[in-house]
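For reference, the structure is listed below as structure tokens.
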Amino acid sequence: MEILIQSIGTVENKLLRTLEKPLEKIFGINCHVSNDILEIPERSYNPSRDQYHSTEILYSMMNILKRDSNHILGVTNVDLYASRINFVLGEAEYPGNFAIISVNRLKSPNKKLFLKRILTEAVHELGHTFGLPHCKNHLCVMHFSNSVVETDIKGPGFCSDCLSKLF
Ligand SMILES: [Zn+2]
Ligand SMILES: [Zn+2]
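Residues in the sequence shown are numbered consecutively from 1232, following our numbering.
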């Protein structure tokens, strides 16, 4: 079992590689970036919203990538939405193998903050694949966030409750 990071459309490889070590440390399993790029499925694009449907992209990942026992984190640059939600920072199987995050709304001129946000959303969505539900503790990474403000408040760490459910 390992964590595979998969770019969905073009995402800077260097950016993805910064996730490897921290995710290994947090989840205690190997993590590596896939060399392939998965195309963004055309049918996920909604021209009237100029956004991509995250669930469609998740389905496409499930169809194309081997499930094995791995946890696969798709990372994309495009803006995502889900049914009835204006936009989403990510979505995941709960529990399961597949998760996706978008870095689109996480961008900041502060590179360190940008990377921290990406890690936070990566841990959150992967946490769902490991069976963790949303957490009421607003400082915990599993707290639901639908804005970067909330992402910045919580950061990439689990609260002790979530940590005990994870291991
Ligand atoms: Zn969530
Ligand atoms: Zn928690």
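Even for Gly, the Cβ is constructed at its ideal location relative to N, Cα and C.
Using a Cβ-Cβ cutoff of less than 8 Å, which residues in the same chain neighbour residue i once the five nearest sequence positions on both sides are dropped?
| i | result |
| --- | --- |
| HIS1365 | MET1373, HIS1374 and PHE1375 |
| ASN1308 | GLY1240, THR1241, VAL1242, SER1333, VAL1334 and ASN1335 |
Give the DSSP-derived three-state secondary structure of residue i in the structure shown.
| i | result |
| --- | --- |
| ASN1308 | coil |
| ASN1244 | helix |
| HIS1359 | helix |
| LEU1320 | coil |
| ASN1261 | coil |
| TYR1290 | helix |
| SER1395 | helix |
| LEU1235 | strand |
| ILE1349 | helix |
| ASP1267 | strand |
| ASN1335 | helix |
By a C-beta neighbour count over all protein chains shown, 10 Å radius and 16 as the cutoff for buried, is residue i buried or exposed?
| i | result |
| --- | --- |
| PHE1398 | exposed |
| MET1292 | buried |
| HIS1369 | exposed |
| SER1405 | Here the chain has residues from 1232 to 1398 only, and residue 1405 is not among them. |
For residue i, I'd like the list of residues in its chain whose CB is within less than 7 Å of its CB, leaving aside the five on either flank, ordered along the chain.
| i | result |
| --- | --- |
| LEU1247 | ILE1236, SER1238, VAL1264 and VAL1306 |
| VAL1379 | ARG1336, LEU1337 and ARG1348 |
| CYS1191 | For residue 1191 there is no data in the structure shown, the boundaries of the chain being 1232 and 1398. |
Closer than 7 Å to a non-hydrogen atom of ligand 1 - does that hold for the CB of residue i?
| i | result |
| --- | --- |
| PHE1329 | no |
| HIS1359 | yes |
| THR1318 | Inspection of the sequence shows that residue 1318 is occupied by Phe rather than by Thr. PHE1318: no, Cβ never under 7 Å from ligand 1. |
| PRO1355 | Just to set this straight, residue 1355 is His in the shown sequence, not Pro. At least one heavy atom of ligand 1 is nearer than 7 Å to the Cβ of HIS1355, so yes. |
| PHE1375 | yes |
Measure the beta-carbon distance from residue i to residue j and round it to whole angstroms, keeping in mind my assumption that it falls under 8 Å.
| i | j | result |
| --- | --- | --- |
| PRO1326 | GLY1362 | 4 Å |
| ASN1328 | ILE1234 | With a Cβ gap of about 10 Å, ASN1328 and ILE1234 do not count as contacting. |
| PRO1272 | GLU1251 | About 26 Å separates the two Cβ atoms, so there is no contact after all. |
Going by beta carbon distance, what residues of the same chain come within less than 6 Å of residue i, once the five residues before and after it are set aside?
| i | result |
| --- | --- |
| PRO1253 | LEU1350 |
With distances taken from each beta carbon to the nearest heavy atom of ligand 4, which residues come in below 6 Å, in chain order?
The model depicted lacks ligand 4 and carries ligand 1 and ligand 2 instead.
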